[in-house]
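Residue numbers (our numbering), protein chains in the order written: chain A, 721 to 921; chain B, 18 to 102.
C-beta: ideal position from N, C-alpha, C; glycine also.
Model, not experiment: these values are computed from the prediction.
Let me begin by presenting the structure, written as structure tokens, before commenting on it.
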Amino acid sequence: MRAEVVPDDIQALRRGDDSAFSALVRAHHRALLATATAIVGIDDAEEVVQNAWIKAHKALPGFEGRSALRTWLTRIVINEARMLLRKSRREVSLQLDEDQHPLADRFREGGHWSKPPVTWHDESPDGLLMQRELADCLSRLLLAMPAPQRAMLELRDAGGLEFDEICNELTITASNARVLLHRARTQLFKLVDHYQETGEC
Amino acid sequence: MLKCREVVHQADALLAGELSGRERFALRMHIIICRHCRRYVKQFRHLLRAIPRMHGQASESEVSRVMTAVKNADKSMGGQSNPSG
Ligand SMILES: [Zn+2]
Numbered sequence: 721m722r723a724e725v726v727p728d729d730i731q732a733l734r735r736g737d738d739s740a741f742s743a744l745v746r747a748h749h750r751a752l753l754a755t756a757t758a759i760v761g762i763d764d765a766e767e768v769v770q771n772a773w774i775k776a777h778k779a780l781p782g783f784e785g786r787s788a789l790r791t792w793l794t795r796i797v798i799n800e801a802r803m804l805l806r807k808s809r810r811e812v813s814l815q816l817d818e819d820q821h822p823l824a825d826r827f828r829e830g831g832h833w834s835k836p837p838v839t840w841h842d843e844s845p846d847g848l849l850m851q852r853e854l855a856d857c858l859s860r861l862l863l864a865m866p867a868p869q870r871a872m873l874e875l876r877d878a879g880g881l882e883f884d885e886i887c888n889e890l891t892i893t894a895s896n897a898r899v900l901l902h903r904a905r906t907q908l909f910k911l912v913d914h915y916q917e918t919g920e921c
Numbered sequence: 018m019l020k021c022r023e024v025v026h027q028a029d030a031l032l033a034g035e036l037s038g039r040e041r042f043a044l045r046m047h048i049i050i051c052r053h054c055r056r057y058v059k060q061f062r063h064l065l066r067a068i069p070r071m072h073g074q075a076s077e078s079e080v081s082r083v084m085t086a087v088k089n090a091d092k093s094m095g096g097q098s099n100p101s102g
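What follows is the structure, encoded as structure tokens:
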């Protein structure tokens, strides 16, 4: 059986092994594109990630493994994204939106569930990700999500950066960062819950 | 007594280990008696584990585009290495 996730071969990557590097690209490219899209927008994301890969390739021999590779790559993407924004004199603005809480309509006035979550059939991460249609629903939701929420989800949950680091890199307060992340996550929860109940997005 | 809505708001902090002992205790007590919130927290935790992997793999054409760009950059830079950052 073929393993779904090939662990990154750090030794081979440091040596500059081509096939290890293409495996790295295969595993992380989509996530990095999503991160860049949330910061600079879809038109410039590809360029940002391309430049990030070039930087990463050069820096890999010195990679010390103090953070996960995905986190390290995410940092390089943020740097490239900020450089591009500076060049084009734009700013990242991670403002809170005025949207109501994604699960607001699921509670009664007193704060108890009016419509509690259903039991998910296969709730394990593998189980969730194996369902092709659910995966499509999730990508559509990500595309439609306000960029600040999506940025937090990509940086914190997918990229593994700490809140402190995110707040330093992008102008945002810790409390706003938490609110944005919470909204992004509960939107995903709502979608998965709805899918488990109805089989539709 | 903690309300279900508050459990949802605090679940992120609970799973990140950011709640105080007192807050954690109140939340645990609620979860013991409320099966809806128990289910919410359990499924929410699984969902968070799935997020890093939800993007899937790049296509072969995406991979080869990156590899070409990396090779071209290598050539044009000669032997230089060590970017800042
Ligand atoms: Zn409850």
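Distance from the C-beta of C51/B to the nearest heavy atom of ligand 1 is below 7 Å.
Between L875/A and T794/A the beta-carbon gap is near 7 Å, inside 8 Å, which marks them as a contact. For L64/B, the nearest beta carbon of chain A is closer than 8 Å to its own beta carbon. E853/A has its alpha-carbon roughly 11 Å from the corresponding atom of V912/A. If you draw a straight line from the Cα of A751/A to the Cα of A90/B, it is about 23 Å long. Taking the Cβ of H47/B as the reference point, at least one heavy atom of ligand 1 falls within a distance shorter than 7 Å. With a cutoff of 7 Å, C857/A does not count as near ligand 1, since its C-beta is closer than that to no heavy atom of the ligand. Secondary-structure assignment with DSSP links W833/A through a beta bridge to F827/A.
For I796/A, the closest alpha carbon among the candidates G831/A, W773/A, G830/A is that of W773/A. In the three-state scheme derived from DSSP, where H, G and I count as helix and E and B as strand, K20/B is classed as coil.
The closest heavy atom of ligand 1 lies less than 7 Å from the beta carbon of V24/B. Contact between H63/B and C54/B does not hold, since their C-beta atoms are separated by about 15 Å, which reaches or exceeds 8 Å. Interface annotation for the region 808-839 of chain A against chain B: L823, F827, G830, G831, H832, W833, P836, P837, T839, criterion Cβ-Cβ distance under 8 Å. With a cut-off of 8 Å on Cβ pairs, the region 888-896 of chain A is in contact with the region 809-826 of chain A, counting three or more such pairs. Assignment of alpha helix (DSSP H) within the region 734-791 of chain A, counting only whole runs of 4 or more residues, yields 738-760, 762-779 in chain order.
Taking C-beta atoms as the reference points, A904/A and R870/A count as a pair closer than 8 Å. Within the region 60-84 of chain B, the residues whose Cβ lies closer than 7 Å to some Cβ of chain A are Q60, F61, H63, L64, L65, R66, A67, I68, P69, R70, M71, H72, G73, Q74, A75, E79, V80, V83, M84, listed in chain order.
Under the 8 Å criterion on CB atoms, S787/A is classed as non-interfacial with respect to chain B.
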